[in-house]
Structure formats: C-alpha cells, structure tokens
Amino acid sequence: MEDGRHLAALTANYRQYRDEYLQWSGQYPSARDEALPHYRRALIAWYEARIDPADPYLGEVYPFLTAVAEDYFTGQPPAEDRVSFAGEDPLNHLPHPIHLQEAGQLLLQRFHEQEVACQELLLLADYHRLEPDAILRALDLEDQPAQLAARLRQCRRDVEGPDPESPLLWTPVLTVAGRQDLVQTLTREEARSPEAPPAAPARPEEAKPEAISLSRRRSNFSLPAVPTIIAGLLFGFLLWLLYDTFGGKSPDRLYTTYFEPYPNIFAAAPPETEPDRDLQRILYYYDRGDYRTAYDELLPTAPAYPASPLYLGVSALALNDPQRARDWLNQIPPVSKFYPPARWYEALALLGSGGTAGATTILKEIANSPNHPYRREASNLLSDL
C-alpha cells in the first residue's frame, strides 16, 4: 500500500525534468508534436512502475523517462552507448497496453456513471493503492474507518453490478481510468508552466472515452476531489500539489487547459466496413497529433462519415482556429450520437474566440444533463470561469 509520496512526486518530477527532457528530445524529427505527450506517458509509466507491489522500479527517474520515451519515439530500445541504467533497466518496467473488450468498456462506462466522489475514492484505493489510513487522514475521518470501508465496498458494488465477471475486469478497467486521470493532471501541469505555449493544446496520448457522470448522491458520506485529498495527505510539505486550481485564468487559457482531442472511435473496436477502414487510416495522422494533415485528409470525407465534422472541428481547435471549429461542429445534427461531444467542443471553441457568454450557456446545459459524457468537465470549467 502507498502513502501518497510517489503520487506527490509525479508532478514534482514533471517540473524538475521537463526542460532537460525537452532538450534531449530535440534529436527526434517528430519531437515538436510528440515530445510532451511522450513525456507524460513516460512519467505515468514511471509512476506505475514505482508503485508496482510485485516488482517496483527503484532506479533513477530521469534515465527511466528518457529510456521509455526513446522507445515511444522510435519503437526501439535505446542504444547501449547513449543511456546508462545504473543497474536497473527501465524497459523491464514498460506498462502493458490495455485493450478493453465490450465487457470492459461497459464496466468503464459504469465507473463513469458513479458520482465523482465514488470515482475518486476508487481511483485512490484501487489504482493509486493508497492505504486506508492515508485516505482517512486526508478526510479527517481517522475515527471512522468502518464508514470509509463501507463506502468503498458500496462504490465497488455499484460499478460491478450483477455481472459475475466484473471483478475479473476490475484491475485493467481501473488502470485505464487511472491513466486517463493522470494524463489530465499532467496536461494541466503543463498549462501551469511559464514556458508552456498559450495556444495549441497538447494532445494526450490516451483517448478519453465518453465518460458519464451522474450527480445523485447515494449517502451522506462525501469525498473531495483528488487534488484536495493529495493536499490533505501531504499538507505539511507539498501544498503546491493543488494542481487543479485555475482561478484567475483567462477564458482562452482555460480553453487550452481543458482541451483534449476526442478519442479515436476505433480505439475500442476495430472497423468492420471498408468505409470505416478508410476513416481509420485517416485518423492515423490525428492520433499522432499531426492535425494539419488530419484536417486536410478529413476534408473530402465530411459528407461521407457522420464522425468527420466532429474530427474536423477538433482538429481545427488543436490548430488554434476556434471559429473554423465551430463551423464544423455546428453541422452535427442533434440526433447524431456525436452531438453531445460536439457541444462540449463548441463551448471550448466559443471560449477560444472570446464568446464567454455563449460558452457559459452551453456549459450550463451540459452540466445539467445527467447523462452527458462531458458533464464533469463542464462543471469544473464553469467553476473556473
């Protein structure tokens, strides 16, 4: 079990090694688009390796980051004459990719259907592996351990449902959810950096699914969000870990902070028809963060695929062209399954073009829609405006 120190070190390491890493990554032609996404992936890989209960990585942090990032850049292990592992090879700790089948996808959806407090508690307990005493200290509930244990059991039951196979899928599903949460955390950490570019949002390396958040409370026991818990755990010497505080940011800066590309719809299930395979080939550029090429390739497909206007709009947002993004997003009809995410991206496009009032209206609409996939993000963004 963990006491939170490695979770705290994650954002500290991000800042400590960022500049040195970016200088190192300049040797790769694709570094401009891929350097920071690979940096985030490598940091998350380090974190998972460090808290691995069976075989924790105990070596130095920076050699781990560059070794793993080189594997991401090239698909090859680093040359022996360019990196020294000081006795422990980071490539022995590469994270395993997780491809959720239908049952896993349904379990992940049920996870996102829970109230935010339940989601955060499950992540802290089952992904970050924080010990109960550490969570209790953060919540000032040290005299109520039974209440916390009962709440955790109830949250697990609510997600697992009646399917007897759900417990078998629990670890990979929570790992996917945890990685997505950490990607968001590190993306926001980059937005806080003085050297961070003010416009083109960084592309996360793992796609965010259509998460559903319901606000209904199942009990009077309420948990704060992860940043508050971390601050409570480490208040005495790591107060700066309140990385989720964005008060005073301008709307266009918030647009950059909250932007994440819509996931590739073929990430969970391979294409089954030839038109779908054509679209998947085009999304290759989108997945690599080459939004200019993706936009040019998607343009002729706009009338052919229902998803094309959404990906065109998101690509335009990534290219810092919010007005063009709105033009595409407005073409998606309300009956389309892509309409809900299009509304979220339209709100970001409005923020990016100075339409704060219009964005606020859409965000309130999303925040008040119990089944909207971006309800949680809309609520958070409203609180930051």
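Per our numbering, the very first residue in the sequence shown carries number 1; after that it's consecutive.
Heads up, the beta-carbon is just placed ideally off N, CA and C, and yes, glycines get one too.
In this structure, the alpha-carbon of Asn368 lies about 45 angstroms from that of Pro29. Going by DSSP, Tyr47 is part of the alpha helix (DSSP H) stretching over 31-50. With a cut-off of 8 angstroms on Cβ pairs, the segment 154-166 is not in contact with the segment 31-48, counting fewer than three such pairs. With respect to Val183, Leu100 sits apart: the two C-beta atoms are not nearer than 8 angstroms. Here His38 is buried, its C-beta having at least 16 other C-beta atoms within 10 Å. For the pair Pro145 and Pro132, the Cα-to-Cα distance works out to about 8 angstroms. By the Cβ-count criterion, Asn92 is exposed, with fewer than 16 other Cβ atoms from all chains shown falling within 10 Å of its own Cβ. For the pair of segments examined, the segment 281-291 was found not to touch the segment 354-369: the number of CB pairs separated by less than 8 angstroms stays below three. If one requires a minimum length of 4 residues, the alpha helix (DSSP H) runs lying completely within the segment 258-298 are 274-287, 291-298, in chain order. In the structure shown, Glu2 falls within a strand segment according to DSSP collapsed to helix, strand and coil.
Going by beta carbons, Thr256 and Ala191 fall inside the 8 angstroms limit. By the C-beta density criterion, Ala54 is exposed, having fewer than 16 other C-beta atoms within 10 angstroms. In the structure shown, Leu130 falls within a strand segment according to DSSP collapsed to helix, strand and coil.
Annotation: Pro95 to Glu70 spans about 14 angstroms, alpha carbon to alpha carbon. Nearest Cα to Ala267 within the set Phe73, Val176, His128, Glu377: Val176.
Ala316 and Glu120 have their C-alpha atoms roughly 32 angstroms apart. As for any beta strand (DSSP E) of minimum length 3 sitting wholly inside the segment 293-377, there is none.
By the Cβ neighbour-count rule, Gly354 is exposed, with fewer than 16 other Cβ atoms within 10 Å of its own. Taking 8 angstroms as the cut-off, the Cβ atoms of Tyr17 and Leu58 do not count as close. Tyr345 and Gly313 do touch by the CB rule: their CB atoms are close to 6 angstroms apart, below 8 angstroms. Rounded to whole angstroms, Thr293 and Cys155 show a C-alpha spacing of 43 angstroms. Less than 8 angstroms divides the Cβ of Ala49 from the Cβ of Pro56.
Taking C-beta atoms as the reference points, Tyr262 and Glu377 fail to come closer than 8 angstroms.
Between Tyr14 and Glu189 a beta carbon distance of about 5 angstroms is seen, short of the 8 angstroms cut, so the two are scored as contacting.
A residue is called buried when at least 16 other Cβ atoms come within 10 angstroms of its Cβ; Asn371 does not meet this threshold and is exposed.
Rounded to the nearest whole angstrom, the C-alpha separation of Ala149 and Ile362 is 38 angstroms. Linking Ala269 to Asp158 through their CA atoms gives a straight-line distance of about 25 angstroms. Here the C-alpha atom of Glu115 lies approximately 45 angstroms from the C-alpha atom of Gln27.
DSSP places Tyr57 outside both helix and strand once states are collapsed to three, so it counts as coil. Between Arg326 and Asp143, the alpha-carbon positions lie close to 52 angstroms from each other. In this chain, the alpha helix (DSSP H) harbouring Gln154 covers 145-160.
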